[in-house]
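Chemist: Let me begin by handing over the structure; questions about it come next.
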Ligand code: NAP
Ligand code: F7E
């Protein structure tokens, strides 16, 4: 029988790649989209004929109940969030409401309307924040450093708690940074890829950056959505860390991205305090061995290939 999936955050980077994976597997895909004055469907334009769009919002419990009723899901992927860390200091309350409490609303809607469904929560390495051990695994304690990280920790524990309280099939995927040509423009990798292509084409002369010594464990989003699906195919629900097990600095990303089009990053990059954060997460590095062992999951795209893919995509755009 055809399986039904409900994806919140379907218009985002991960939502679009996950939709492609699920359609390929024969799922009926329902996507929750928030109301907007000018709906931006850039990432899912090509998928619209094949999916069912449901208007709803993580801030509105009644809309989530309706979405679950309407989609009768076998699997729910809760990807919606205010996901930009830097903005979470500007809109901390909204971030808490959507990225944190929104998870509870979604879990409760499933508990009421589809308790047999399987639930995926998009948790984040930002929960590790000021890391207490390196590399970070499923048992590493959290020390979030932003309103976003704090909200994700709430969502993570809500997921664990609903699993333990009501015996729901609910998993928290603790994903490290994953990028692609569909990444939001304000995130550092896409910002650099766009900046490089504009400089190469003579449209800009410099690129303003924040803390370029920060290090991240960066993978390709298309690989990571496969891990989400695999988590929901296990016999018992568990939490998994998903990452590459490699860490690179923003500086290294700059070097490769500018180098890819024959430029030297030092000639163009300038520091700008506007892009600095009140607190920083300095060294994120995953230990994805549980995902490898139990999900048979490994990332396919290397760091240099990811940089090249993103710069090439902007050069073509
Ligand atoms: P993204 O591109 O920013 O997408 C976020 C999605 O959430 C968008 O579809 C957005 O809709 C939707 N959304 C925002 N507020 C909403 C609301 N109130 N009600 C309903 N939908 C709402 O994020 P992503 O990179 O795909 O990440 C997916 C999820 O994984 C997020 O929860 C993120 O926090 C988490 N995560 C991401 C990473 C990463 O490196 N990408 C790592 C760990 C965890 P609009 O298009 O209308 O704005
Ligand atoms: O920053 C530094 C910045 O905004 C990465 C989200 O998907 O991953 C993402 O959060 C690093 C930080 O992503 C600029 O200070 C330097 O150290 O691309 P980012 P993020 O904050 O790591 C996690 C796992 C999530 O869960 C989030 O949803 O890059 N950096 N200069 C800069 N960052 C930005 N954005 N812009 C700069 O100019």
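Numbering (the numbering used here), first residue to last: -18 to 298. Note that CB positions come from ideal geometry on N, CA and C, so glycine has one too. Fair warning: this is a prediction, and the values are worked out from it, not measured in the lab.
#1: Which value, in whole angstroms, describes the spacing of the CA atoms of residue 12 and residue 261?
#2: Exposed or buried, residue 220, counting other C-beta atoms within 10 Å across all chains shown (16 or more means buried)?
#3: Could you compute how far the alpha carbon of residue 228 sits from the alpha carbon of residue 76?
#4: For residue 33, does the count of other Cβ atoms within 10 angstroms reach 16, so buried, or fall short, so exposed?
#5: What's the C-alpha gap between residue 171 and residue 273?
#6: Taking the alpha helix (DSSP H) that residue 189 falls in, what are its first and last residues?
#7: To the nearest angstrom, how far is it from the Cα of residue 298 to the Cα of residue 183?
#8: Per DSSP, which residues does residue 230 bridge with? Please list them.
#9: Distance, Cα to Cα, residue 174 vs residue 166?
#10: Looking at the ligand F7E, does it come within less than 7 Å of residue 169, judged from the CB to the closest heavy atom?
#11: Report the residue ranges of all alpha helix (DSSP H) runs contained in full by the region 53 to 135; include only those spanning at least 4 residues, in chain order.
#12: Per DSSP, which residues does residue 264 bridge with? Please list them.
#13: Among 189, 196, 129 and 212, which one has its Cα closest to the Cα of residue 247?
#14: Starting from residue 174 and walking both ways along the alpha helix (DSSP H), at which residues does that stretch end?
#15: Would you mind stating whether residue 222 and residue 118 have Cβ atoms separated by less than 8 Å?
#16: What are the start and end residues of the alpha helix (DSSP H) that includes residue -15?
#17: Am I right that residue 153 and residue 141 are in contact with their C-beta atoms under 8 Å? What's the rounded C-beta distance?
Modeler: In short, the structure shows the following:
#1: 33 Å
#2: buried
#3: 27 Å
#4: Per the 10 Å Cβ criterion, exposed.
#5: The straight-line gap from Cα to Cα measures roughly 28 Å.
#6: No alpha helix (DSSP H) contains residue 189, which is instead part of the beta strand (DSSP E) from 188 to 190.
#7: 15 Å
#8: 196
#9: 9 Å
#10: Because some heavy atom of the ligand F7E lies under 7 Å away, the Cβ of residue 169 counts as near it: yes.
#11: 73 to 76 and 83 to 94
#12: 196
#13: 189
#14: Unbroken alpha helix (DSSP H) run through residue 174: 169 to 181.
#15: yes
#16: That residue, residue -15, is in no alpha helix (DSSP H); its beta strand (DSSP E) goes -15 to -11.
#17: 7 Å
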